[in-house]
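In order, the protein sequence lines correspond to chains G and A. Using the working numbering, you'd call the opening residue of the first sequence number 307 and step up by one each time. Using the working numbering, you'd call the opening residue of the second sequence number 307 and step up by one each time. Don't be surprised by glycine CBs; every beta carbon is placed ideally from N, CA and C. Taking it in order: structure first as structure tokens, then the write-up.
2 protein chains.
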Amino acid sequence: MKRSLENIEYKEGTELLARFAKALGHPTRIAILKHLENQSCCFTGDLVGIFPLAQSTISQHLKELKNAGLIQGELNPPKIKYCINKENWEIAKKLFTNFFE
Amino acid sequence: MKRSLENIEYKEGTELLARFAKALGHPTRIAILKHLENQSCCFTGDLVGIFPLAQSTISQHLKELKNAGLIQGELNPPKIKYCINKENWEIAKKLFTNFFE
DNA sequence: ATGTTATATCGCAAATATACGATTGATGTT
DNA sequence: AACATCAATCGTATATTTGCGATATAACAT
Numbered sequence: 307m308k309r310s311l312e313n314i315e316y317k318e319g320t321e322l323l324a325r326f327a328k329a330l331g332h333p334t335r336i337a338i339l340k341h342l343e344n345q346s347c348c349f350t351g352d353l354v355g356i357f358p359l360a361q362s363t364i365s366q367h368l369k370e371l372k373n374a375g376l377i378q379g380e381l382n383p384p385k386i387k388y389c390i391n392k393e394n395w396e397i398a399k400k401l402f403t404n405f406f407e
Numbered sequence: 307m308k309r310s311l312e313n314i315e316y317k318e319g320t321e322l323l324a325r326f327a328k329a330l331g332h333p334t335r336i337a338i339l340k341h342l343e344n345q346s347c348c349f350t351g352d353l354v355g356i357f358p359l360a361q362s363t364i365s366q367h368l369k370e371l372k373n374a375g376l377i378q379g380e381l382n383p384p385k386i387k388y389c390i391n392k393e394n395w396e397i398a399k400k401l402f403t404n405f406f407e
């Protein structure tokens, strides 16, 4: 992405909302989050079984959701249990709710 | 984006939500929409004045918002007046609200 | 120590996204 | 008709995303 001479400054809420939205901007990631909302938690392996995607691809989607702060991983050896990050989930919820008024 | 042999089928709401989210996944587009919410409507030129981005870049962002159905353009020669697409805005609002419970 | 299991990361290819300047197109004015 | 104005599109460069298979890592079991 080519950028202007310097990065544009947006309000903090704008940047944050865009970051959350970007993480939600792929149907697989929406589906993963919906699954997590139902199940409350799940393992990477569960998702690999659900979606016709390679394990590495699922792992990458989980990484992005984690980077955006929407989920968090708990060690549960030898598996890793992923759950919604409730704190940030609330923040995202508020930002979107506010945005749509 | 390389794809599996065939495209994955998601529920309609999932695809739609992802499409809206993707459109919201850039701070400039969030800022444009916020501006439209305040002003109710505006011209491309107004935005070119507000953001330190080329006219063509703004136009491209508007195109994406239009493709996602979030805004619509009215002819108002020689300008084009952009407004929120209220019908789809409501749909997006409901999808996001539902998603976050 | 070796093996098993579950997940993450690497390296690659292809597709998309972001940005720009230049050009085109559409409309109204002289 | 010629010109001015505004916005869209084209062509291009670069960055990021998406996907895969292969490999690495981490933890437990044998």
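{"query": "Using only the alpha-carbon positions, how far apart do L311(A) and P358(G) sit?", "result": "The predicted position of L311(A) is uncertain, since its pLDDT is 49 and thus under 50; a value taken from the coordinates is nonetheless stated next. Roughly 9 Å separates the two Cα atoms."}
{"query": "Does the distance from the C-beta atom of H332(A) to that of K328(G) stay below 9 Å?", "result": "yes"}
{"query": "Against chain G, does H332(A) count as a neighbour if the rule is that its beta carbon must be under 9 Å from one of theirs?", "result": "yes"}
{"query": "Report the rounded CA-to-CA distance for C348(G) versus K392(G), giving the unit in angstroms.", "result": "15 Å"}
{"query": "What residues are listed by DSSP as bridge partners for L381(G)?", "result": "I386(G)"}
{"query": "What residues from chain A crowd round E321(G), counting only those whose CB sits closer than 8 Å?", "result": "P333"}
{"query": "If you draw a straight line from the alpha carbon of L342(G) to that of E315(A), how long is it in whole angstroms?", "result": "19 Å"}
{"query": "Looking at A324(A): is its Cβ nearer than 9 Å to the Cβ of R335(G)?", "result": "yes"}
{"query": "With DSSP run on the structure shown, which of helix, strand or coil describes F349(A)?", "result": "strand"}
{"query": "Any C-beta of chain G within less than 8 Å: which residues of the region 373-402 of chain A qualify?", "result": "W395, A398, K399 and F402"}
{"query": "Name, please, each residue of chain A whose Cβ falls closer than 9 Å to the Cβ of K328(G).", "result": "A327, K328, L330, G331 and H332"}
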